[in-house]
Amino acid sequence: MTTAADDPAESGKPRRARGEQTRQLILETALRLFRERGYTETTMRAIAKEAGVAVGNAYYYFDSKEHLIQGFYDRNQVAHRVAAEPVLADEKELAPRLRGVLHAGIDVNEPYHSFAATFFKSAAEPSSPLSPFSRESSPAREAAIAIFREVVDGSTAKLDPELRKELPELLWLGWMGVILFWVYDKSPGQRRTRRLIDGAVPLIDRLVSLSRLRVLRPALRQVLALIESVRRDD
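For the sequence shown, full-length UniProt numbering gives the first residue as 1, with consecutive numbering after it.
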């Protein structure tokens, strides 16, 4: 009779679990040090020491600080999706769904505001793997766009089919603008960012509603064609 100890798949599970625990420990330690010391001043050696692992072990799980941030991106999207679940479950209108998801994103990011500006200087470099538009960031980017796709598809909004296809990515681009504003928002609790969200969402909802008007369809087609042209440009 084959036991769990004899089954390579079963015997490998504890090892994978320990590996994931170590990976999460390193990531949590890195994020704490980024908050305490800043992104630039925190080294992989310092992260390994604080986490109680060998430097080589830290590099085994994360090739560099940039890869640590990619791990943060991935985890951040999971947290954003979880935080957004109540509003996505309860609301059916587009505006409250979008407002709730945007506020949930700010809630999730709030603990990292203290080092966000320093970190953003690296992420803003077009060639940086930390850029939200980079190839390395594509899993987190697609996960983020999927949240906005759920905002749209789960709503009662009646949309032009072509706009429905493109709107999730357009909303994500708008979210990137909100995040940029939030990074440099020094108001208490970043309340200016909250006001920006509350003021922008009704405008977006109104524009989406107006897009159904026949008189605006030619302009809408032009906008969507421009977006597609820019996306495909080499």
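Glycine included, every Cβ here is placed at the ideal spot set by N, Cα and C.
Computed from a predicted model, the values in this text were never measured in an experiment.
Item, Value
"State the Cα-Cα distance for the pair G52 and A30, rounded to the nearest angstrom.", "12 angstroms"
"Let's see if you can read the secondary structure: which residues bound the alpha helix (DSSP H) around S128?", "Per DSSP, S128 belongs to no alpha helix (DSSP H) and is neither H nor E."
"Straight-line CA distance for P86 to Q21?", "28 angstroms"
"Using three-state DSSP, classify T156 as helix, strand or coil.", "coil"
"Going by C-alpha distance, which of L98, T42 and V55 is nearest L203?", "L98"
"Would you check if the segment 187-195 and the segment 121-133 touch, i.e. whether three or more CB-CB distances between them fall below 8 angstroms?", "no"
"With three or more C-beta pairs closer than 8 angstroms as the rule, is the segment 113-127 touching the segment 32-48?", "yes"
"Among Y73, L33, P126 and L68, whose alpha-carbon lies nearest the alpha-carbon of G105?", "Y73"
"Hey, how far is the Cα of D107 from the Cα of K186?", "16 angstroms"
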